[in-house]
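Going by numbering that gives the first Met the number 0, the first residue of the sequence shown is number 0, and it counts up by one from there. What follows is a short report on a single structure.
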Amino acid sequence: MLELGGIRVVTDPNWDAALGGLLPRVSAPGLAIEALPRLDAMLLTHAHADHLSFRSLDQLPQDIPLYAPPAVARWLWQRGYTHAVPIVPGETVTIGNVRLTAAAARHLGARYGVDRWRSAANMYLLDTNALSTLFAGDTALTNDTHRIVEEQLHQADRRLDLALLPIGHAPWWKRTSFRRGHLTAEDALTLFDRLDARLFVPYHWGTFHHVTSRAHDAIDALRGILPAFHRRDDVRILEPGHVLEVNTT
Numbered sequence: 000m001l002e003l004g005g006i007r008v009v010t011d012p013n014w015d016a017a018l019g020g021l022l023p024r025v026s027a028p029g030l031a032i033e034a035l036p037r038l039d040a041m042l043l044t045h046a047h048a049d050h051l052s053f054r055s056l057d058q059l060p061q062d063i064p065l066y067a068p069p070a071v072a073r074w075l076w077q078r079g080y081t082h083a084v085p086i087v088p089g090e091t092v093t094i095g096n097v098r099l100t101a102a103a104a105r106h107l108g109a110r111y112g113v114d115r116w117r118s119a120a121n122m123y124l125l126d127t128n129a130l131s132t133l134f135a136g137d138t139a140l141t142n143d144t145h146r147i148v149e150e151q152l153h154q155a156d157r158r159l160d161l162a163l164l165p166i167g168h169a170p171w172w173k174r175t176s177f178r179r180g181h182l183t184a185e186d187a188l189t190l191f192d193r194l195d196a197r198l199f200v201p202y203h204w205g206t207f208h209h210v211t212s213r214a215h216d217a218i219d220a221l222r223g224i225l226p227a228f229h230r231r232d233d234v235r236i237l238e239p240g241h242v243l244e245v246n247t248t
């Protein structure tokens, strides 16, 4: 959950006990769904089961906007989630005093593989006058991943405060194909450098085992290379339930 300027947002909410009903959750959610405070918005980046949980959506408020890529939003409407709101890359909406801007992620987000019309994936930039945060969903490392930040912040002579970036892991025989749609630990540090953000928080680890990797493989890989990273003191590794307060002064 993110809180900026008094506005509370959850990103890709998933409280499922198992991923796809097969791969069990290995750590409890950092915040019980019953303990959530009043929310102002929910953000969905794409349709994969680890990011879009219908069971979780059923337990969350149905009267607050649920922002998603257009094809995903249409699908949600068809399933009765009429609070889904389509948002396209480059579009900005206002939630209280937070400006929410969508950007295109490099990731095939189709739920079942054959539903390629649902493959679009978003990243989200949340910006107030005091704090800017990028939530990247799932994305690969590309030369233009940081373009949206440059367009929204750098022209105003401002800097990204917080980069929330996924980290993943794959065995050597799958590494090349994996990196076409995901960030490895090394890729995430490279993107953090390109974004020139003040702080980096890695996520997408420690929750579910995957078919070709264990839940903590990615964070173990990051911890292994972090001592040699020139900005290691600007990386914050948060265990589930831990809170990070970002000071803007």
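For every residue, glycine included, the Cβ atom is placed at its ideal position computed from N, Cα and C.
Inset, instruction - Look at the Cβ atom of Pro64, then the Cβ atom of His82, and state whether they are nearer than 8 Å. - result: yes
Inset, instruction - For the region 161–177 and the region 212–219, state whether three or more C-beta atom pairs, one from each stretch, are separated by less than 8 Å. - result: Between the region 161–177 and the region 212–219, the count of Cβ pairs shorter than 8 Å is three or higher; the stretches touch.
Legend entry - Endpoints, beta strand (DSSP E) assigned at Ala134: Note that residue 134 is Phe in the sequence shown, not Ala. Where Phe134 is concerned, the enclosing beta strand (DSSP E) stretches over Ser131 to Phe134.
Legend entry - Terminal residues of the beta strand (DSSP E) in which Pro85 lies: Ala83 to Pro85
Inset, instruction - Check whether the Cβ of Val84 lies closer than 8 Å to any Cβ atom in chain B. - result: Looking at the structure shown, chain B is missing, and only one protein chain is on hand.
Legend entry - CB contact flag (Val200, Leu161, <8 Å): yes
Inset, instruction - Would you decide whether Gly79 is buried or exposed? Buried here means 16 or more other CB atoms lie within 10 Å of its CB. - result: exposed
Legend entry - Alpha-carbon to alpha-carbon, Thr91 and Glu238: 31 Å
Inset, instruction - List the residues that DSSP assigns as beta-bridge partners of Gly167. - result: Thr183
Inset, instruction - May I ask which residues mark the beginning and end of the alpha helix (DSSP H) holding Phe199? - result: That residue, Phe199, is in no alpha helix (DSSP H); its beta strand (DSSP E) goes Leu198 to Tyr202.
Inset, instruction - Counting only the same chain and skipping the five closest in sequence on each side, list residues whose C-beta sits under 6 Å from that of Ile86. - result: Tyr66 and Ala101
Legend entry - Neighbourhood of His208 by C-beta distance below 7 Å, restricted to the same chain and skipping five residues each side: Leu22, Val25 and Ala214
Legend entry - 7 Å CB neighbourhood of Lys173 in its chain, flanking five on each side removed: The answer, listed in chain order, is Thr211.
Inset, instruction - Pick helix, strand or coil for Thr44, following the three-state DSSP scheme. - result: Of the three classes helix, strand and coil, the one that applies to Thr44 here is coil, per DSSP.
Inset, instruction - Quick one: measure Cβ to Cβ for Pro104 and Asp137, integer angstroms, because I've assumed they're closer than 8 Å. - result: Rather than Pro, the amino acid found at residue 104 in this sequence is Ala. Confirmed, Cβ separation roughly 6 Å.
Inset, instruction - Measure the C-alpha to C-alpha separation of Leu140 and Arg178 and round it to an integer number of angstroms. - result: 8 Å
Legend entry - Completely contained alpha helix (DSSP H) runs for the region 10–96, where each covers 4 or more residues: 53–58 and 69–77
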